[in-house]
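Before any comments, here is the structure.
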Amino acid sequence: MSPTTPAPDPIVTFSRVRKSYDGRTDVVKSLDLDLHRGEFLTLLGPSGSGKTTTLMMLAGFEEPTSGSITLDGRRLDNVPAHRRGIGMVFQNYALFPHMSVAENLAFPLQMHGSPRGEIPARVQRALDMVRLGHLGDRRPAQLSGGQQQRVALARALIYEPKLVLMDEPLGALDKQLREQMQLEIRHLHENLGVTVVYVTHDQSEALTMSDRIAVFHHGVIQQLARPVELYERPANAFVASFIGENNRLEGRISGRDGALCRVRMSDGTQVLASAVADLSVDAPVIVSIRPERVGIGERSGAANRFDARVEETIYLGDHCKLRLSVAGSDAFVVKIDSADPAARMNRGDAMVVTWPAESCLALPPAER
């Protein structure tokens, strides 16, 4: 978005929202967040980071300790969950086992007072939308996990809510089915244009599905950005480590040259890196380098060149990981194609690794 383009109209606004369960420790700390109409926003973070509590406050299942939440300009104080017009999808599906699939879908329409004569057609459209049009008479127990999750999605969308919240909805599925459902949910979002807030601790899931991602840690959003920006330009060391794989080298700034800085490692070696923040000389930093950005062998023009020793080779089918000793770290990982001759190197073998200054970042610690 260019600087002259107006910001999208927010459908949800968190304003200085704080949540504490015991009156001493804040699970969510002074949260300010706008959710754009029609976007897919993922709240990403480890357990206890505040992401699920944020979702539950928006849903109406938790009350903020202070601050305000608005939906379409209307403050949600004292508005019960069932009157917020928000669809919900949970990890455990929450389907009624004694009802058929069609009856499960009809239930929210009945609760919203839809005309009785319209309900069968709307149920069938919803089933067709998730490719289950032929299974309306079955009970949930007669469906696979993926089919039950599709029913839960259809139920959340059937009364056309302005906002849908999803709390770890794919956590109970196996890897292959989870990846398939990620694409199905993304395509549903694109086709329907509904606004989605999605909670997960799975960073690959967040990268696959989201328009924007809010990375939570210790109750604070560490960074809110598009997936590519989070991966390429993380705001701090926590975001870099949580989004994708990265190598971390600890050191201190020893010099600055415009956007670049020189970092001295614990073993005395120096790394030339891009400074993400306004870091002063002698400030402690984490140098982050993605494994796929490291080259093996001499390369002309590479700002960083280090001798390395192979500690371990890990075969992963289409690629290999080499764990190396580099710059005082014995946990430095490089990704290479399985056909690369370096994939057949043995423990103790010596090599040279290189990377440009633009491919590594000098990052401050996470915000607390």
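So the sequence shown is numbered by the numbering used here: it starts at 1168 and just counts up by one.
Even glycine gets a Cβ: it sits at the ideal position worked out from N, Cα and C.
As the structure is a computational prediction, the values presented were derived from the model and not from experiment.
Can you name the residues that DSSP bridges to residue i?
i: residue 1203; result: 1177
i: residue 1210; result: 1366, 1381
i: residue 1237; result: 1180, 1242
i: residue 1220; result: Beta-bridge pairing links residue 1220 to no other residue.
i: residue 1185; result: 1233
i: residue 1482; result: 1487
i: residue 1510; result: According to DSSP, residue 1510 bridges with nothing at all.
i: residue 1499; result: 1491
i: residue 1529; result: 1442, 1454
i: residue 1258; result: Residue 1258 is not bridged to any residue.
i: residue 1266; result: Answer by DSSP bridge pairing: none, since residue 1266 is not bridged.
i: residue 1504; result: 1486
i: residue 1228; result: Answer by DSSP bridge pairing: none, since residue 1228 is not bridged.
i: residue 1518; result: 1475
i: residue 1198; result: 1184
So residue i packs on residue j, CB below 8 angstroms; how close in whole Å?
i: residue 1444; j: residue 1430; result: About 13 angstroms separates the two Cβ atoms, so there is no contact after all.
i: residue 1356; j: residue 1363; result: 5 angstroms
i: residue 1237; j: residue 1229; result: Not quite, the Cβ-Cβ distance comes to about 16 angstroms (not below 8 angstroms), so this is no contact.
i: residue 1461; j: residue 1422; result: Not confirmed; about 23 angstroms, so no contact.
i: residue 1372; j: residue 1344; result: About 13 angstroms separates the two Cβ atoms, so there is no contact after all.
i: residue 1247; j: residue 1186; result: Not a contact, Cβ separation roughly 18 angstroms.
i: residue 1500; j: residue 1463; result: Contact doesn't hold; Cβ gap of about 12 angstroms is too wide.
i: residue 1286; j: residue 1299; result: With 8 angstroms as the limit, residue 1286 and residue 1299 do not qualify as a contact, their Cβ atoms being about 17 angstroms apart.
i: residue 1239; j: residue 1329; result: 7 angstroms
Inspect the beta-carbon positions of residue i and residue j and report whether they are closer than 7 angstroms.
i: residue 1404; j: residue 1413; result: no
i: residue 1256; j: residue 1319; result: yes
i: residue 1272; j: residue 1290; result: yes
i: residue 1260; j: residue 1315; result: yes
i: residue 1453; j: residue 1417; result: yes
i: residue 1307; j: residue 1262; result: yes
i: residue 1388; j: residue 1397; result: no
i: residue 1317; j: residue 1297; result: yes
i: residue 1198; j: residue 1181; result: yes
i: residue 1193; j: residue 1435; result: no
i: residue 1450; j: residue 1523; result: no
i: residue 1280; j: residue 1294; result: no
i: residue 1227; j: residue 1204; result: no
i: residue 1335; j: residue 1258; result: yes
In angstroms with no decimal places, state the Cα-to-Cα distance between residue i and residue j.
i: residue 1274; j: residue 1206; result: 27 angstroms
i: residue 1217; j: residue 1381; result: 11 angstroms
i: residue 1200; j: residue 1394; result: 17 angstroms
i: residue 1241; j: residue 1178; result: 10 angstroms
i: residue 1493; j: residue 1476; result: 7 angstroms
i: residue 1458; j: residue 1379; result: 24 angstroms
i: residue 1518; j: residue 1312; result: 48 angstroms
i: residue 1266; j: residue 1253; result: 22 angstroms
i: residue 1490; j: residue 1479; result: 5 angstroms
i: residue 1374; j: residue 1210; result: 11 angstroms
i: residue 1495; j: residue 1525; result: 21 angstroms
i: residue 1473; j: residue 1384; result: 33 angstroms
i: residue 1184; j: residue 1224; result: 9 angstroms
i: residue 1516; j: residue 1484; result: 22 angstroms
i: residue 1172; j: residue 1327; result: Legend: pLDDT at residue 1172 = 44, less than 50; position of this residue unreliable, no value from coordinates given.
i: residue 1390; j: residue 1401; result: 8 angstroms
i: residue 1222; j: residue 1331; result: 11 angstroms
i: residue 1168; j: residue 1415; result: Confidence at residue 1168 is low in this model, with a pLDDT of 43, below 50, so its placement is unreliable and no value can be given for it.
i: residue 1340; j: residue 1377; result: 19 angstroms
i: residue 1446; j: residue 1189; result: 36 angstroms
i: residue 1244; j: residue 1530; result: 39 angstroms
i: residue 1358; j: residue 1342; result: 25 angstroms
i: residue 1507; j: residue 1270; result: 56 angstroms
i: residue 1481; j: residue 1498; result: 13 angstroms
i: residue 1420; j: residue 1399; result: 21 angstroms
i: residue 1288; j: residue 1360; result: 21 angstroms
i: residue 1532; j: residue 1442; result: 13 angstroms
i: residue 1528; j: residue 1438; result: 10 angstroms
i: residue 1305; j: residue 1351; result: 22 angstroms
i: residue 1486; j: residue 1503; result: 6 angstroms
i: residue 1170; j: residue 1511; result: The predicted model places residue 1170 with a pLDDT of 43, which falls under 50 and marks its position as unreliable; any figure quoted below should be read in that light. Roughly 50 angstroms separates the two Cα atoms.
i: residue 1509; j: residue 1488; result: 10 angstroms
i: residue 1513; j: residue 1369; result: 33 angstroms
i: residue 1282; j: residue 1324; result: 17 angstroms
i: residue 1505; j: residue 1471; result: 24 angstroms
i: residue 1233; j: residue 1191; result: 13 angstroms
i: residue 1392; j: residue 1292; result: 35 angstroms
i: residue 1465; j: residue 1428; result: 22 angstroms
* Asked: Which runs of the beta strand (DSSP E), 3 residues or longer, sit entirely within the segment 1393–1469?
  -> 1414–1424, 1427–1432, 1437–1442, 1451–1456
* Ordered list of beta strand (DSSP E) runs contained in the segment 1281–1336, each at least 3 residues -> 1330–1334
* Asked: Taking only runs of the alpha helix (DSSP H) that begin and end inside the segment 1338–1367, which ones reach a length of at least 4 residues, in chain order?
  -> 1342–1359
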